[in-house]
Amino acid sequence: MNGGRRLPNQAWSLVVALCAASTVDWYLLFVVFWIAAQREWSGLQTAVLVLATRGPTLLGGLLGGRAVDAFGPRAMMLVDASARGSLCLVLAAAELHGEVSYRLFCLVLAGCAATSPMTYAAARTLMPQLVPDAQIARANTMLSLADQLPIIVSALMAGPVLEWAQGSTFVVPAILMAGAGAVASRLPTPGPLRRGPEPAPTRAVPIWWLPSVTALVALSTGYFFVYGPFQPLLPRLVETNLDGDAGTYSLMRVLLGLGSLTGLLLAPRLCMLDRPGVVNASGAILYGAVLIPLVLTHSAWVACIIYAASGIVWGPYATVESTALYHWTPAGMRGRVFGTQRALTITAVPVGGALGSLALHRFSTSEILTTSAIACSLIGIIALLTPAIRRRTPGTSTPPRAQHRRPTHGRTPFSRASDAPDPP
1 MNGGRRLPNQ AWSLVVALCA ASTVDWYLLF VVFWIAAQRE WSGLQTAVLV LATRGPTLLG
61 GLLGGRAVDA FGPRAMMLVD ASARGSLCLV LAAAELHGEV SYRLFCLVLA GCAATSPMTY
121 AAARTLMPQL VPDAQIARAN TMLSLADQLP IIVSALMAGP VLEWAQGSTF VVPAILMAGA
181 GAVASRLPTP GPLRRGPEPA PTRAVPIWWL PSVTALVALS TGYFFVYGPF QPLLPRLVET
241 NLDGDAGTYS LMRVLLGLGS LTGLLLAPRL CMLDRPGVVN ASGAILYGAV LIPLVLTHSA
301 WVACIIYAAS GIVWGPYATV ESTALYHWTP AGMRGRVFGT QRALTITAVP VGGALGSLAL
361 HRFSTSEILT TSAIACSLIG IIALLTPAIR RRTPGTSTPP RAQHRRPTHG RTPFSRASDA
421 PDPP
């Protein structure tokens, strides 16, 4: 089977399940941050809410990734669907009896955050068992699509719900998680994991003993951390700088998602480059440069165009990273690696967001977000100075032009047998 054929039906089912689960993540973020702005919660309250929304993801990703390796991807996807669906029903029931309290928001969102990395780690671990090696880059692009399309879907749903159906705000995510669980229940339980290019370790080793993996995950963690203030403060920017409302905010999120989908068109080609660290570090530099004008403009339409452009830059990032991590990680460690990666990156955003919210006591929204945008570019520059980020795919000595002339039998440049991590 070659890389030009369509993905198997089971691979598409996995994409649908991840898309539904990711939509719940973005939907809850969208709704909760807008509610926080409308209720005029203090900077400290918003900071705590941000940490509750994403903080427990750190523990959930670390433990959930190990659970994926131990119990299998399908089982942990069902656990996540059951847990998050039930918690969303708790919020829905509380909403029917009146206004949801701040404390209940924090508790329920913390529970959702703890289980959400399971589906992501499970999907990234299971997909290589469903497709041939020649289709790995394309399959990872589809999973990235499933992780980014929810930006559009959630914005399209949340805006109208907040405006016209406030009494059923949290019924929507409960239904989505039920759908994700139904699809996951039909996924296969794989047999022994197919080995990738990496040799299996002779004993359990810490993730940081895989230098290529550590460098990529560290870059993403720092990048997501300094971007964090945009999550809770963007609604304030819309209101203060752009004189906008929920419709403006929703439109910007939709355009961000459309930009991300456009950027995904570049992902398969970028995955073929032999320096994924350089690709993603350069993306961080460009992303920060694009965001600076967003903070400075007072035109809603200009802001929408800029935010869409930032989505194009953002789009290929996760696919490039996940394809490299797949090829650089032994098969038996993929759940742990993807769980840890998800835990660190998703946690980094709210920690940065919480610090940004606390900074409102001393600085304006525009000052905080300008600093955040500049920091995104600085993180990319610092990463480019790191040898682990700059080096080529391990074992590569042939110039890229010559590599494309050499038969690869359906492999990407990442998939050579010599592509092994440096010794600790």
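Residue numbers are given in the UniProt record's numbering: position 323 of the sequence shown equals residue 323, and the series is strictly consecutive.
Glycine residues also receive a C-beta, built at the ideal position from the N, C-alpha and C atoms.
Nearest-angstrom Cα distance between residue i and residue j?
| i | j | result |
| --- | --- | --- |
| P235 | A134 | 42 Å |
| I368 | Q231 | 12 Å |
| A36 | G352 | 17 Å |
| G196 | G72 | Confidence at G196 is low in this model, with a pLDDT of 49, below 50, so its placement is unreliable and no value can be given for it. |
| L219 | W41 | 32 Å |
| T202 | C106 | In this prediction, T202 has a pLDDT of 42, which is less than 50 and means its spatial position is unreliable; nothing more can be read from the coordinates. |
| A324 | L96 | 46 Å |
| F224 | R6 | 33 Å |
| A343 | P330 | 19 Å |
| N241 | V295 | 8 Å |
| A21 | W301 | 31 Å |
| S212 | Q341 | 13 Å |
| I312 | D80 | 30 Å |
| R74 | Y307 | 36 Å |
| P399 | L143 | For P399, the predicted structure reports a pLDDT of 41, less than 50, and the residue's modelled location is therefore unreliable. A value from the coordinates is still provided. About 30 Å. |
| P117 | G85 | 15 Å |
| R269 | V279 | 11 Å |
| A348 | L355 | 11 Å |
| A11 | G43 | 43 Å |
| L261 | A155 | 15 Å |
| M217 | L251 | The sequence as given places Val at residue 217; Met does not occur at that position. Answer to the nearest angstrom: the Cα atoms are 31 Å apart. |
| G283 | R138 | 20 Å |
| T119 | A83 | 12 Å |
| F363 | Q38 | 21 Å |
| T221 | G335 | 18 Å |
| A215 | Y287 | 19 Å |
| P350 | P229 | 8 Å |
| A123 | L149 | 16 Å |
| I381 | P316 | 19 Å |
| V31 | T169 | 8 Å |
| L237 | P188 | 45 Å |
| P173 | M157 | 10 Å |
| R186 | L291 | 42 Å |
| S310 | P293 | 11 Å |
| T57 | I305 | 32 Å |
Return the first residue and the last residue of the alpha helix (DSSP H) that residue i is part of.
| i | result |
| --- | --- |
| Q10 | 9-38 |
| V48 | 43-54 |
| L273 | Here L273 belongs to no alpha helix (DSSP H), and DSSP marks it neither H nor E. |
| E95 | 73-96 |
| M127 | 102-130 |
| H327 | 317-328 |
| M333 | Premise fails: M333 is in no alpha helix (DSSP H) and is neither H nor E. |
| F225 | 211-227 |
| R236 | 230-240 |
| residue 425 | No information on residue 425 is available, as it lies outside the stretch 1 to 424 that the chain covers here. |
| S250 | 246-264 |
| R390 | 387-390 |
| L176 | 171-184 |
| A309 | 300-314 |
Give the single residue among the options whose Cα lies nearest to the Cα of residue i.
| i | options | result |
| --- | --- | --- |
| V337 | G61, L385, V24, P276 | G61 |
| A184 | V238, M77, G311 | M77 |
| L109 | L266, Y27, E99 | Y27 |
| A113 | L59, V131, L104, E321 | L59 |
| V171 | V90, T115, Y120 | V90 |
| W314 | T297, A289, H327 | A289 |
| P128 | P8, F363, S250, T370 | P8 |
| T125 | G332, I381, T345, T371 | G332 |
| A303 | I285, L261, A354, E239 | E239 |
| G111 | G277, A309, L49, T214 | L49 |
| N140 | G55, C271, Q38 | C271 |
| D274 | T57, R390, L63 | R390 |
| W328 | A47, P276, T119, S364 | P276 |
| V24 | H298, R362, D147 | D147 |
| L162 | Y317, P316, A309, L29 | L29 |
| L210 | Y326, A309, H298, M157 | Y326 |
| V226 | P160, D243, T371, G244 | T371 |
| S366 | I346, H298, F33 | H298 |
| G339 | I285, L265, L360, G64 | G64 |
So that I know if they touch, is there some Cβ in chain D lying closer than 7 Å to that of residue i?
| i | result |
| --- | --- |
| A122 | No chain D appears in this structure, which consists of one protein chain only. |
Given 8 Å as the limit, is there contact between the stretch 370-385 and the stretch 68-79, that is, 3 or more CB pairs closer than that? No, they do not touch.
Between the stretch 8-24 and the stretch 176-183, do three or more beta carbon pairs fall short of 8 Å? The stretch 8-24 and the stretch 176-183 touch, with no fewer than 3 CB-CB distances between them shorter than 8 Å.
Assess, as a yes-or-no matter, whether the stretch 314-334 is touched by the stretch 86-103 under the definition of 3 or more beta carbon pairs within less than 8 Å. no
Is the number of C-beta pairs between the stretch 371-379 and the stretch 252-260 that are closer than 8 Å three or more? no
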